[in-house]
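Asks:
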Amino acid sequence: MQVSRTATKEDFNHLRIDDIKQPISESRFDALLEKLQINNLSEDEKDFFQSIVEDRMVTEEEFSTLTYEQTKKIKQFTSRSDLEGNYIADSSIGFEKLSMAPLLSAQNISDDEEYNEAIFNTFKKLNLSQDDGISMLNELGGYINQEEKIIFEDSLTDEQYDSGIRYKTYIGLDMKELVSKRLEELNQGLLETSDEDVKSDYKNMIYVYREIETQYNNIQDKNRVENEAQLEQYTRNTKPNPLYNADVVELYNNITHEYEEKEKKEFDELMDKLDISNLNNREKELFRTILEDKEISNIEMDKLSYEEMKKINQFIFKKDEKGEIIDDTLIRTNSRINALLRTTELTDDETFNQVLFNTVKSMNDIYEINNFLNPILNLISEKFTAFDEVNSINFITEDMNKVLDELIKTFDEHYQETEYDEIKEHYLSVINKYQDLKEQYNKTTIDS
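Going by my numbering, the letters in the sequence shown line up with residues 1210 to 1657, in that order.
#1: By DSSP, does residue 1266 sit in helix, in strand, or in coil?
#2: From this set, 1226, 1435, 1649 and 1537, which residue's C-alpha is nearest residue 1482's C-alpha?
#3: What does a CB cutoff of less than 8 Å around residue 1364 pick up in its chain, not counting 5 residues either side in sequence?
#4: For residue 1414 and residue 1614, I'd like the C-alpha separation in whole angstroms.
#5: Could you please give me the residues that DSSP links to residue 1289 through a beta bridge?
#6: Checking 8 Å against the spacing of the C-beta atoms, do residue 1399 and residue 1408 come in under that value?
#7: Measuring CB to CB, does residue 1315 end up less than 8 Å from residue 1325?
#8: So, using beta-carbon positions, are residue 1674 and residue 1653 closer together than 8 Å?
#9: Tell me, please, which residues DSSP counts as bridged to residue 1534.
#10: State the Cα-Cα distance for the pair residue 1412 and residue 1418, rounded to the nearest angstrom.
#11: For residue 1494, does the count of other Cβ atoms within 10 angstroms reach 16, so buried, or fall short, so exposed?
#12: For the 8 Å Cβ check, are there 3 or more pairs between the region 1341 to 1351 and the region 1273 to 1292?
#13: Cα-Cα, which of 1261, 1211 and 1273 is closest to residue 1247?
#14: Considering just the uninterrupted stretch of the alpha helix (DSSP H) at residue 1384, what are its terminal residues?
#15: Under 8 Å, with one C-beta from each stretch per pair, do the region 1545 to 1559 and the region 1576 to 1595 reach the 3-pair mark?
#16: State whether the region 1215 to 1235 contacts the region 1295 to 1313, with contact taken as three or more CB pairs (one from each stretch) at a distance under 8 Å.
#17: Quick one: give me the first and last residue of the alpha helix (DSSP H) that residue 1342 is part of.
#18: Could you tell me which residues DSSP puts in a beta bridge with residue 1418?
#19: Mark residue 1368 as exposed unless 16 or more other C-beta atoms lie within 10 angstroms of its C-beta, in which case mark it buried.
#20: Closest by CA to residue 1215, which one among 1453, 1543 and 1356?
#21: Using alpha carbons as the reference points, say which of 1541, 1577, 1656 and 1327 lies closest to residue 1635.
#22: Give the single residue among 1507, 1530 and 1621 whose Cα lies nearest to the Cα of residue 1344.
#23: Assign residue 1453 to one of three DSSP states: helix, strand, or coil.
#24: Reducing DSSP to helix, strand and coil, say where residue 1501 ends up.
#25: Ordered along the chain, which non-local residues of its own chain (more than five positions away) have a Cβ less than 6 Å from that of residue 1496?
#26: Give me, in chain order, the residues of the same chain whose beta-carbon lies closer than 8 Å to that of residue 1540; leave out the 5 immediate sequence neighbours on both sides.
#27: Can you name, in chain order, every residue of its own chain whose Cβ lies under 6 Å from the Cβ of residue 1572, other than the five neighbours on each side?
#28: Buried or exposed, going by whether 16 or more other CB atoms sit within 10 Å of the CB of residue 1266?
#29: Using beta-carbon positions only, say whether residue 1307 and residue 1280 come within less than 8 Å of one another.
#30: Which partner residues of residue 1304 appear in the DSSP bridge assignment?
#31: Considering only residues of the same chain and omitting the five flanking positions on each side of residue 1323, which have a CB-CB separation below 8 Å?
#32: CA-CA distance, residue 1359 and residue 1274?
#33: Note down, in chain order, each residue of its chain lying with its Cβ closer than 7 Å to the Cβ of residue 1371, except the 5 sequence neighbours on either side.
#34: Alpha carbon to alpha carbon, how far is residue 1416 from residue 1513? Give it in angstroms, no decimals.
#35: What three-state label does DSSP hand residue 1236 in the structure shown?
#36: Going by beta carbon distance, what residues of the same chain come within less than 6 Å of residue 1268, once the five residues before and after it are set aside?
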C-alpha cells in the first residue's frame, strides 16, 4: 500500500529548517522506516544505511561504495512526502555531488532491471563529469516529470504498488531493440556531420551505448548462470518484466499520452507568454522535443539551420514583466552554442548575422571563437548598442563593412606596434579572418 511519494520542489519549500537540524539517530531511522513501511532491509543494511545518512548527507566516498541494489533501497527513504504533499523531515537526506544524480536515476529509466543496472554500471565505470553525466542521463531518458510519476503511481492498485511497480521512462519496450536502433541513428549521424565537435559527441555517445550493451549482456549472462533452474525465464534476453503486464502498460500509455498533450498545450502557452508567433507546426514540435529536457546539445544544434537557431533562441533565458527569468526558458547550453545563438540577434542586418553564424559554426575551439567574436561584440556594444533586459543587443542599422574595416584597422595597428613574432602571427590570423568575413558578407549581399 502506498503511504508516501517522491517529494516535489513545492513540498520541499514548505519544510522548516528547525525540522532538519537534528541528526538521524538509530531510533529516528527506525521510525522513518516504519512510517514509510519499508521492510526490505536486513539488520546489516539498516545499520549501514543509518550510518551514512546520520548527518543527512551522503558523501562522495560513501556513495562510491553503493551497489545498484543499494541505490534503489536508499531512494526509498530520501526526499519523500506523504500522500497529502507534506514533506517528511527525516527523509531530507542530501547527496554531496550533483554528479551522483545519473547513478541515482538509473533505476527510473525502464522496467527492465537488467538494463537499468547496466546503465548504473556504465556510469560508475566511465566516471563521467557532472555535465556529461547529466547530458547522458537526459539522452537515456532519466529526466522524469514528477507530476506524471505521481499520477501514475497514485493510479496503481495497492497490489500493483506493493509488488514494486513504479513509474519508468520506458515501460513495455524491448530495451535491447531500443539501444540497437539508437546506435544505428548515432552511426548515421556520425557519417552525415562535418562538424568536428559534433563528431566527437557522436563518438562519445556511441561508446557509452556500446558499453551499456556490454554491461547488459554481462548481467544477463550472469543471471542465466545464477538461475539455471529457471532458464526458460531468460530464453529471450529482453523478456518483459512480468510485473508490468498489459494493464500496467495500458495505464502508462494513457497517462503519458495525456501528459504529452498537456505539454503541447503548455508549450503553446509559453509561446503566447513570449509573444512568439513565427513557428510552423514542424518547428513547434521540433523545438518542444529539443527543449523538453532543458538542454540543447551539440548534436541537436548541428541539425538546426540559421533560421531555426534564430527562432529557438526566442525560448532561451527570457524574462517576465517583473524582470525574472521564466523557469521554462532555463535551458542548458555550452559556450559554443551560446556564441552561435548570440550571432543570430547581433545586428539587424540579417545577411551579416547569417554569415557570422556560419563562420563561427565552422570553428571548433572555443578559445578561437572568443578571440574572433568578442572584438565584434565589444565594438558594437561600445559604439552602437544598448543591452536590453534579456541581454541581447539592439542597435540602429549600421554599415557592417565599416565595422569590419575598423576592426581590421585596429588589429593592423596592433600588428605594426608589436615586436614579437608570435603576437604578430596572432594579429595577422585575426585580420585574415575578418577580411574573409567581410569578403563573404559582401558576396552574400550581392548574391541576395
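Idealized CB from N, CA, C, for every residue including glycine.
Nothing here was measured: the structure is a model prediction, and the numbers come from that model.
Replies: Walking through what the data contain:
#1: In the sequence shown, residue 1266 corresponds to position 57, counting from 1. Of the three classes helix, strand and coil, the one that applies to residue 1266 here is strand, per DSSP.
#2: Locating residue 1482 in the sequence shown gives position 273, counting from the first residue. Residue 1482 has its Cα closest to that of 1537, out of 1226, 1435, 1649 and 1537.
#3: What you label residue 1364 is simply residue 155 of the sequence shown in a count that begins at 1. Same-chain partners within the cutoff: 1460 and 1464.
#4: Position 205 of the sequence shown, counted from the start, is the residue given in the question as residue 1414. Position 405 of the sequence shown, counted from the start, is the residue given in the question as residue 1614. Cα to Cα, residue 1414 sits roughly 43 Å from residue 1614.
#5: Residue numbering aside, residue 1289 sits at position 80 when the sequence shown is read from its first letter. The partner list for residue 1289 (beta bridge, DSSP) reads 1215.
#6: For the purposes of this step, residue 1399 is identified with residue 190 of the sequence shown, where counting begins at 1. For the purposes of this step, residue 1408 is identified with residue 199 of the sequence shown, where counting begins at 1. In this structure, residue 1408 lies closer than 8 Å to residue 1399 by Cβ.
#7: On the sequence shown, position 106 is the one that residue 1315 refers to. On the sequence shown, position 116 is the one that residue 1325 refers to. Taking 8 Å as the Cβ cut-off, residue 1315 and residue 1325 qualify as a contacting pair.
#8: Residue 1674 is absent from the model: the chain starts at 1210 and stops at 1657.
#9: As a working note, residue 1534 is residue 325 in the sequence shown. Its beta-bridge partners are 1528.
#10: Position 203 of the sequence shown, counted from the start, is the residue given in the question as residue 1412. Position 209 of the sequence shown, counted from the start, is the residue given in the question as residue 1418. Each residue's alpha carbon lies about 10 Å from the other.
#11: Along the sequence shown, one-based indexing puts residue 1494 at 285. Exposed is the call here.
#12: no
#13: The count along the sequence shown starts at 1 and reaches residue 1247 at position 38. The shortest Cα separation from residue 1247 among 1261, 1211 and 1273 belongs to 1211.
#14: Locating residue 1384 in the sequence shown gives position 175, where the first residue counts as 1. Residues 1384 to 1401.
#15: yes
#16: yes
#17: Locating residue 1342 in the sequence shown gives position 133, where the first residue counts as 1. Note, residue 1342: alpha helix (DSSP H), 1339 to 1349.
#18: The residue you call residue 1418 lines up with position 209 of the sequence shown. Residue 1418 is not bridged to any residue.
#19: Counted from its first residue, the sequence shown places residue 1368 at position 159. Answer is exposed; the Cβ neighbour count stays below 16.
#20: The residue given as residue 1215 occupies position 6 in the sequence shown. For residue 1215, the nearest C-alpha among the options comes from 1356.
#21: Stepping through the sequence shown from its first residue, residue 1635 is reached at position 426. Closest option to residue 1635, Cα to Cα, is 1577.
#22: Here residue 1344 corresponds to residue number 135 of the sequence shown, with the count starting at 1. Of the listed residues, the one whose Cα sits closest to residue 1344 is 1507.
#23: For the purposes of this step, residue 1453 is taken as the residue at position 244 of the sequence shown. Three-state DSSP puts residue 1453 in coil, outside helix and strand.
#24: Position 292 of the sequence shown holds residue 1501. Coil at residue 1501, not helix or strand.
#25: Your numbering for residue 1496 matches position 287 in the sequence shown. Closer than 6 Å at Cβ, skipping near neighbours: 1521.
#26: Stepping through the sequence shown from its first residue, residue 1540 is reached at position 331. So the qualifying residues of the chain are 1500, 1503, 1504, 1505, 1524, 1525 and 1526.
#27: As a position in the sequence shown, residue 1572 is number 363, starting the count at 1. The residues are 1578.
#28: By one-based count along the sequence shown, residue 1266 stands at place 57. So residue 1266 counts as exposed.
#29: As a first step, residue 1307 must be located in the sequence shown, where it is residue number 98. As a first step, residue 1280 must be located in the sequence shown, where it is residue number 71. Contact flag unset, no.
#30: Along the sequence shown, one-based indexing puts residue 1304 at 95. Its beta-bridge partners are 1267.
#31: Locating residue 1323 in the sequence shown gives position 114, where the first residue counts as 1. Answer for residue 1323: 1425, 1428, 1429 and 1432, listed in chain order.
#32: For the purposes of this step, residue 1359 is taken as the residue at position 150 of the sequence shown. For the purposes of this step, residue 1274 is taken as the residue at position 65 of the sequence shown. So the two alpha carbons sit approximately 30 Å from each other.
#33: The residue given as residue 1371 occupies position 162 in the sequence shown. 1210, listed in sequence order.
#34: Translated into positions along the sequence shown, residue 1513 becomes position 304. Translated into positions along the sequence shown, residue 1416 becomes position 207. Cα to Cα, the separation comes out at about 24 Å.
#35: Translated into positions along the sequence shown, residue 1236 becomes position 27. The answer is helix: DSSP assigns residue 1236 an H, G or I state.
#36: Residue mapping note: residue 1268 aligns to position 59 of the sequence shown, counting from 1. The residues are 1305.
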